[in-house]
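Peer 1:
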Amino acid sequence: TLFIGDVGRPDLAQSSVKDLTQDKLAGYLFDSLRNKIMPLNDDIIVYPAHGAGSACGKNMSKETTDTLGNQKKTNYALRQDMTKEVFIEEVNEGLLPPPAYFPLNVKMNKEGYEPIDTVLERGNKALNPTEFERMANQTGAIILDTRTPQTFAAGFVPNAVNIGIDGSFAPWVGTLIPDIMHQILLVTDEGREEESITRLARVGYDYTIGFLDGGLKAWEKAGKDIDHIESISPAELEKRINKGGVNLVDVRKETEFGTEHAEGAKNMPLDYVNEQMTNLNKDETYYVHCAGGYRSMVFNSILRARGFRNLIDIQGGFKAIKENGNISTVANS
Numbered sequence: 194t195l196f197i198g199d200v201g202r203p204d205l206a207q208s209s210v211k212d213l214t215q216d217k218l219a220g221y222l223f224d225s226l227r228n229k230i231m232p233l234n235d236d237i238i239v240y241p242a243h244g245a246g247s248a249c250g251k252n253m254s255k256e257t258t259d260t261l262g263n264q265k266k267t268n269y270a271l272r273q274d275m276t277k278e279v280f281i282e283e284v285n286e287g288l289l290p291p292p293a294y295f296p297l298n299v300k301m302n303k304e305g306y307e308p309i310d311t312v313l314e315r316g317n318k319a320l321n322p323t324e325f326e327r328m329a330n331q332t333g334a335i336i337l338d339t340r341t342p343q344t345f346a347a348g349f350v351p352n353a354v355n356i357g358i359d360g361s362f363a364p365w366v367g368t369l370i371p372d373i374m375h376q377i378l379l380v381t382d383e384g385r386e387e388e389s390i391t392r393l394a395r396v397g398y399d400y401t402i403g404f405l406d407g408g409l410k411a412w413e414k415a416g417k418d419i420d421h422i423e424s425i426s427p428a429e430l431e432k433r434i435n436k437g438g439v440n441l442v443d444v445r446k447e448t449e450f451g452t453e454h455a456e457g458a459k460n461m462p463l464d465y466v467n468e469q470m471t472n473l474n475k476d477e478t479y480y481v482h483c484a485g486g487y488r489s490m491v492f493n494s495i496l497r498a499r500g501f502r503n504l505i506d507i508q509g510g511f512k513a514i515k516e517n518g519n520i521s522t523v524a525n526s
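Mapping of the sequence shown onto our numbering: position 315 corresponds to residue 508, and the numbering continues sequentially without gaps.
Here it is in structure tokens:
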């Protein structure tokens, strides 16, 4: 499997076949790249099946196309002088655990699944606020809010989890909702209900059971409780840091944090929020940021649903913190 700047990871299928190890799969990948791909003409255009942010690789480019010739020059896995042993070592290095839904999707692909029409019929049910609330209480369904982070922060159905559809939606759903059979109730922007159901189904989450008809406006009009998350600018964060006592939580990946981070920040990657939340104190106030504001709201919404009330989101994430210029950062030397 060839991507732009990367190749497929060899650790996703070994559990499905006895005696098929990760190193063996890496060796097969080396052979197929050398025997099938690299002999092809340099002017061939490469259109990758996945891009930046996908969990199917570890260093994919954001570019959507390239020539094979340029990939031979720039892709670490296509170096002409690379031995199979070195390839196996490098392709396995730095792999994060795959999302929990990957092996479940493998099982699903083997055993079969429902037609998409059935999935859409089950999920595309408009529920008024009373019906929505009753179904949430009766089924234990996850309330998934697919609106933008800042729209979510301003007001949301209590206990909803925010994973915005305009960001890395499917990868984060797959990382943070380990059971693809779990029922889901949706809160979306008007007109994006079916899109959300379809996007979930593409990664195996077929059990959407309805959406909030009229969205949050209908919920508010019905007199239902609305929750919110405080969101502040880096300038306001600067003021609070100067006063002292700020617990800053950076939810970017460890590698991002290691490159540069705000002084005094604690790294708690979003990938491991379910395991790491026991390290946080519900009586403390936490100022949370990521790179640009998407992941931090996912993190905050999950913790809010678990009873953490004192969460403050930093608008624009680390990018905005850097642009502020007055908050000390630590760079990896």
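Beta carbons: idealized from backbone N, C-alpha and C, even for Gly.
1. Would the beta-carbon of D495 fall within 8 angstroms of that of T478?
2. If we ignore side chains and look at the alpha-carbon of each, how far apart do Y240 and P364 end up?
3. Taking only runs of the alpha helix (DSSP H) that begin and end inside the stretch 398-466, which ones reach a length of at least 4 residues, in chain order?
4. On the three-state DSSP scale, how would you describe Y479?
5. So what's V354 in DSSP terms, helix, strand or just coil?
6. With 16 as the cutoff for other CB atoms within 10 Å, does Y480 come out buried or exposed?
7. Comparing alpha-carbon positions, which option in A428, G510, F362 lies nearest I390?
8. Can you tell me which of the three DSSP states L337 falls into?
9. Which word fits A428, buried or exposed, when buried means at least 16 other C-beta atoms lie within 10 angstroms of its C-beta?
10. Measure the C-alpha to C-alpha separation of N298 and G437 and round it to an integer number of angstroms.
11. Thinking C-beta only, is D464 closer than 8 angstroms to H454?
12. Is the distance from the Cβ of Y294 to the Cβ of V396 below 8 angstroms?
13. How is I390 classed by DSSP in three states: helix, strand or coil?
14. Taking the C-alpha atoms as reference points, what is the distance between L288 and P203?
15. In this structure, does DSSP put A245 in helix, strand or coil?
16. Indicate whether Q273 and I197 have their beta-carbon atoms separated by less than 8 angstroms.
17. Do you know offhand how far E383's Cα is from D338's?
18. Can you name the start and end residues of the beta strand (DSSP E) that T522 belongs to?
19. Do you know whose CA, among N493, T311, G485, G305, lies nearest K515's CA?
20. Check whether the Cβ atoms of E388 and I358 sit closer than 8 angstroms, and answer yes or no.
21. Reducing DSSP to helix, strand and coil, say where L213 ends up.
22. Tell me which residue opens and which closes the alpha helix (DSSP H) that V312 is part of.
23. Please return the same chain residues whose Cβ sits closer than 8 angstroms to the Cβ of I520, not counting the five positions on each side in sequence.
24. Kindly indicate which three-state DSSP category L195 falls into: helix, strand or coil?
25. If you check the beta carbons only, do R327 and T401 fall under 8 angstroms apart?
26. Could you pull the DSSP bridge partners for D506 from this structure?
27. Check each candidate in G367, G416, K229 and name the one with the smallest Cα separation from N321.
28. Check whether the Cβ atoms of L369 and F404 sit closer than 8 angstroms, and answer yes or no.
29. Between the Cα of L218 and those of D259, I237, F280, spot the shortest distance and give me the residue it belongs to.
30. Is there a Cβ from chain B that is less than 8 angstroms from the Cβ of G500?
31. Less than 7 angstroms between C-beta atoms, sequence neighbours within five positions excluded: which residues of the same chain meet that for H243?
Peer 2: With the given structure in hand:
1. Checking the sequence shown, residue 495 turns out to be Ile, not Asp. With respect to the 8 angstroms criterion, I495 and T478 are not classified as neighbours on the basis of their beta carbons.
2. One C-alpha to the other measures close to 20 angstroms.
3. Those alpha helix (DSSP H) runs which fall completely within the stretch 398-466 and span 4+ residues are 408-414, 427-436, 447-452.
4. Reduced to three states, the DSSP call for Y479 is strand.
5. Note: V354 maps to strand in three-state DSSP.
6. Y480 comes out buried.
7. Comparing alpha carbon positions, the residue from A428, G510, F362 closest to I390 is F362.
8. It is a strand residue.
9. By the Cβ neighbour-count rule, A428 is exposed, with fewer than 16 other Cβ atoms within 10 Å of its own.
10. Straight across, the Cα-Cα distance linking N298 with G437 is about 47 angstroms.
11. At the C-beta level, H454 and D464 stay beyond 8 angstroms of one another.
12. With contacts defined as CB atoms closer than 8 angstroms, Y294 and V396 qualify as a contacting pair.
13. The answer is helix: DSSP assigns I390 an H, G or I state.
14. Distance between the alpha carbons of L288 and P203: 10 angstroms.
15. Annotated three-state conformation of A245 is coil, per DSSP.
16. The answer is no: Cβ separation not under 8 angstroms.
17. Using only the alpha carbons, I get a separation of about 12 angstroms.
18. Boundaries of the beta strand (DSSP E) around T522: 522-524.
19. K515 has its Cα closest to that of G485, out of N493, T311, G485, G305.
20. Yes, the pair counts as a contact, with Cβ atoms nearer than the cut-off.
21. Shown here, L213 sits in coil according to DSSP, grouped into three states, outside any helix or strand.
22. Counting along the chain, the alpha helix (DSSP H) containing V312 begins and ends at 309-316.
23. Closer than 8 angstroms at the Cβ level, and outside the excluded window around I520, lie P427, L430, E431, I434, A455, E456, I514.
24. Here L195 sits in strand by DSSP.
25. Cβ atoms of R327 and T401: not closer than 8 angstroms.
26. Note: D506 sits in a beta bridge opposite S424, V481.
27. The option with the nearest alpha carbon to N321 is G416.
28. In this structure, the beta-carbon distance from L369 to F404 does not fall below 8 angstroms.
29. The closest CA to that of L218, considering only D259, I237, F280, is found on F280.
30. The structure shown has no chain B; it contains just one protein chain.
31. Result list for H243: F196, C249, G250, M253, in chain order.
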